[in-house]
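Accompanying notes for the structure given below.
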Amino acid sequence: MNLRLALIISLIAGFVSISMEIVWFSILGYVFKGHAFTFGAVLSLILFGIAFGAKYGYRSVKNPDTNVLQLISKYLLYAAIINFLGFPVIAWLMTIHSAFGALLAVNVVTVSGLLGCIFPLLCHIAVSTDEQKVGKQTSLLYAANIIGATSGPLITGYVLYDYFSPEAIISGLCIVLLLLGMILRLLSERGKTNLKYAGIFMLLIIGVTISHKTVYTNYLARLQYQTIFGDDKIFKHVFHNRSGTITVDQEDRFFGSGAYDGAINTDPWVFNINAIDRAYMISALHRSPERVLMIGLSSGSWAKVISDYPLVKEITIVEINPGYLELIKNYPEISPILTDKRIKIIIDDGRRWLKNNPEEKYDLIVMNTTYYWRQNSTNLYSFEYLSMAKTHLNKNGVLYWNTTKCADEIYTAAHVFNHVVRYGTFVAGSDSPFDLSYEEKAANLILFRRQGKVLFTQEKFKNTYNELLAVPIKDVHDSILQEDLWLITDNNMAGEYKSDIWRIFSGFTSSGSSAK
Amino acid sequence: MIRNLSLLFFCSGVSAIIYQIVWQRVLFASFGTDVESITIIVSVFMLGLGLGSLLGGAMSNASERKLINYFIVFETSIGLFGLISIPLIEYISVITFNLGAAWLPFIVFAILMIPTFAMGATLPVLVTYLFKKTKSVGNSVTRLYYINTLGSAIGCFITVGILFVIGTRQSTVYVAATLNFLIAFLTFINTRKKTAEA
Chain A
1 MNLRLALIIS LIAGFVSISM EIVWFSILGY VFKGHAFTFG AVLSLILFGI
51 AFGAKYGYRS VKNPDTNVLQ LISKYLLYAA IINFLGFPVI AWLMTIHSAF
101 GALLAVNVVT VSGLLGCIFP LLCHIAVSTD EQKVGKQTSL LYAANIIGAT
151 SGPLITGYVL YDYFSPEAII SGLCIVLLLL GMILRLLSER GKTNLKYAGI
201 FMLLIIGVTI SHKTVYTNYL ARLQYQTIFG DDKIFKHVFH NRSGTITVDQ
251 EDRFFGSGAY DGAINTDPWV FNINAIDRAY MISALHRSPE RVLMIGLSSG
301 SWAKVISDYP LVKEITIVEI NPGYLELIKN YPEISPILTD KRIKIIIDDG
351 RRWLKNNPEE KYDLIVMNTT YYWRQNSTNL YSFEYLSMAK THLNKNGVLY
401 WNTTKCADEI YTAAHVFNHV VRYGTFVAGS DSPFDLSYEE KAANLILFRR
451 QGKVLFTQEK FKNTYNELLA VPIKDVHDSI LQEDLWLITD NNMAGEYKSD
501 IWRIFSGFTS SGSSAK
Chain B
517 MIRNLSLLFF CSGVSAIIYQ IVWQRVLFAS FGTDVESITI IVSVFMLGLG
567 LGSLLGGAMS NASERKLINY FIVFETSIGL FGLISIPLIE YISVITFNLG
617 AAWLPFIVFA ILMIPTFAMG ATLPVLVTYL FKKTKSVGNS VTRLYYINTL
667 GSAIGCFITV GILFVIGTRQ STVYVAATLN FLIAFLTFIN TRKKTAEA
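These protein sequence lines are chains A and B, in that order.
Numbering-wise (the working numbering), the first sequence opens with residue 1 and increments by one.
Numbering-wise (the working numbering), the second sequence opens with residue 517 and increments by one.
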């Protein structure tokens, strides 16, 4: 085989393989809610597939009569069909029984195996048996494969994901595989049989193009809700961009890459599905939080509540995914935050933004952060991060964030701040004592407004007002340090990888136990 | 010898994936977990492997003895870099902090150049070495590609399922570096033994 043609095939195979990986990470990340173990597990499955694909693919060409181009063409055809139908079919099966979810792994291993055998097969037919050329030509094929793979994150992950949904990208990649398979089949030998095969490939390409939207209807909702999926679980909004997938259910709850991320609600009493009362508690933590920084926007409900607190003069919000801003536009009760002149919204990584803006100081930093067990979440609650965030606080400043029931985070907070208090799943840390009197808290809380009116003078909210005022603000700094918990650092990643496992397998009294 | 070499290349796959997972984490923590940073970091990592592969190809005309020596040098240099990698990445992120996002690809490339070049170069070098023994390209590539990728697959599980659970990023990297030194040492011993026998 011509080495130049082999290089092109190797390049395309590398590009498609890594692009498929990106889509798999995105969809499986959605299914497993971005759990810290997901990345390693999915990568491992892909590599197993490639390894065994390489081994068994080569076995099939030990017979010298095998037409290798036809064999590669066949593998490409199988990979395209299985990959196109895999996720929607498994999603549908998971509505019957969740155990069918195991097929997701089979799907990934099979398709990566079929694609993984291409590189050794190309080496087999394209690399010269001249001792002087073997290494050089193998390295060229390998480099072409890797250059294709390098362009995957750039083209698919960075560009295509901003314009197309995952299902459109899967379909596009399947079409590329089918086209390549058709061309290789035509190149393998001349004759009518090959024209027949070319026709089959063309029909499949047309089929994928026409049917992909129908085939993939509600597949994310099926993967998320599984056996409880029904008409009432169909998503109201699905938003894709290169930063991830955001879905919104019919109760206006937001899910970022599959994990609950907040809900549209500012009502602290009747419809309190997002425990928004925790936002109103800022009135008990700081006497006058004029400058507020929020790391994370999500549904915008928290930002709306805080913007309706007249003591707050200025809010800076750092959000990593611009998709939330687009979704918030659908909700008139929240969308005013997008035009409020006191609010500045910055699209950036929260940790990096703090690092890059050391001069910015705030009275209150609020982080309604994601679950502690999600990939890279350590970056927003480790000892190093909290210490850096502390340098952005004014005198008497408070850092108030969601520990998502991870007691190790409270323990870590106690290593950074002199005073630590808890409310629900939230913890507040400060170097100044939390010593607002009952009268001060009452005077602050009554200031909250909702739709322009003072909120807590309304009859239906009076109970909530009294309940919030009755919450004891007890400093747990000394008591939490007595517990046997992890000090979470960037280095040990304890929240992501240790807290739950150690608790389950060794009886180690770690996260969850004291924070629930 | 071939079986031993395959086993060592398996371990090389384990150590390479350990580095990839740990370095990505350290780079994300240092430069950001937004999609721009992730894209740059992953792409630059692969580009380094690709260029390393070309480098390996250019070196592959050497004698069997030299090819094995190259492999030993590559593994040793990956291990040495591994030992200092985490503080080095963190230090570079601090000193380049004011340069701006446009410099990120170059910074990441500069950091990862040595180890990724060495990782990428090992396959063509070993394929040539094995070809000289077996006289079959497909067999040599498949055997090494299979064994190295299998090592990486198992290395993934070991990293997130065991090493991160019982240790830290730093201790995980030490495990990988130990593997590199062990591979280099055993390859060296094995080659000397074969030479002595011959």
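Positions of the beta carbon are idealized from the N, C-alpha and C atoms, including for glycine.
Chain A has no Cβ within less than 7 Å of the Cβ of Thr694/B.
Residue-level contact check: Cys123/A touches chain B, since one or more beta carbons of chain B fall below 7 Å from its beta carbon. In chain order, Thr138 and Leu141 place their CB closer than 7 Å to the CB of Cys123/A, counting only its own chain and leaving out the 5 sequence neighbours on each side. At a cut-off of 7 Å, the C-beta of Met562/B has a neighbouring C-beta in chain A.
Within 7 Å of the CB of Gly566/B, the CB atoms of chain A belong to Ala143, Ile146, Ile147 and Thr150, in sequence order along the chain. A residue is called buried when at least 16 other Cβ atoms come within 10 angstroms of its Cβ; Glu496/A meets this threshold and is buried. With respect to chain B, the C-beta atom of Asn379/A has a partner C-beta closer than 7 Å. Here Asn655/B has no same chain residue with a Cβ atom under 7 Å from its own Cβ, once five neighbours each way along the sequence are excluded. Here Ala303/A is near Met294/A, since their CB atoms are less than 7 Å apart. Among the residues facing chain A, Leu660/B is not included, as its CB has no counterpart in that chain under 7 Å away. Between Ala413/A and Val398/A, the beta carbon gap of about 11 Å keeps them out of contact (Cβ cut-off 8 Å). Interface with chain B (7 Å Cβ-Cβ cutoff): Ile343/A is excluded.
Within chain A, Ser44, Leu47, Phe48 and Ala51 have C-beta atoms less than 7 Å from the C-beta of Ala669/B, given in sequence order.
Assignment of Ala617/B by DSSP, reduced to helix, strand and coil, places it in the helix class. Interface flag for Gln132/A against chain B is set, since a Cβ pair is found closer than 7 Å.
A check of alpha carbon separations from Tyr385/A across Tyr362/A, Gln132/A, Ile488/A and Asn466/A identifies Ile488/A as the nearest.
His419/A is bridged by DSSP to Ser430/A.
Here the alpha carbons of Asp308/A and Glu333/A stand approximately 12 Å from one another. For Val176/A, the enclosing alpha helix (DSSP H) covers residues Pro166 to Ser188.
Looking from the CA of Pro289/A, the closest CA among Tyr197/A, Asn321/A and Tyr400/A belongs to Tyr400/A. Linking Ser522/B to Val61/A through their CA atoms gives a straight-line distance of about 21 Å. Residues are counted here when their Cβ sits less than 7 Å from a Cβ of chain A; for the region 621–635 of chain B the count is zero.
By the C-beta density criterion, Phe547/B is buried, having at least 16 other C-beta atoms within 10 angstroms. In chain order, Ile72, Ile118, Leu122, Leu180 and Leu184 place their CB closer than 8 Å to the CB of Ile9/A, counting only its own chain and leaving out the 5 sequence neighbours on each side. A straight line joining the alpha-carbon of Ile663/B with that of Gly529/B spans about 8 Å. With its beta carbon at least 7 Å from every one in chain B, Asn218/A lies outside the interface. Under DSSP, Lys344/A forms a beta bridge with Thr316/A.
The three-state secondary structure of Ile96/A, taken from DSSP, is coil. Here DSSP, grouped into helix, strand and coil, assigns Leu293/A to strand. Within chain A, no C-beta atom comes nearer than 7 Å to that of Ser593/B; the closest sits roughly 18 Å away. Rounded to the nearest whole angstrom, the C-alpha separation of Thr391/A and Ser430/A is 11 Å. In the three-state scheme derived from DSSP, where H, G and I count as helix and E and B as strand, Leu487/A is classed as coil.
Cβ contact annotation for Leu679/B (same chain, cutoff 8 Å, sequence separation greater than five): Ile534, Ser687, Thr688 and Val691, in chain order. Contact note: Leu698/B does not reach chain A at a C-beta cutoff of 8 Å; the least C-beta distance is about 21 Å. Taking all protein chains in view, the Cβ of Tyr163/A is surrounded by fewer than 16 other Cβ atoms within 10 Å, so the residue is classified as exposed. Residue range Leu393 to Asn402 is occupied by the beta strand (DSSP E) that includes Asn402/A, with no alpha helix (DSSP H) assigned at that position.
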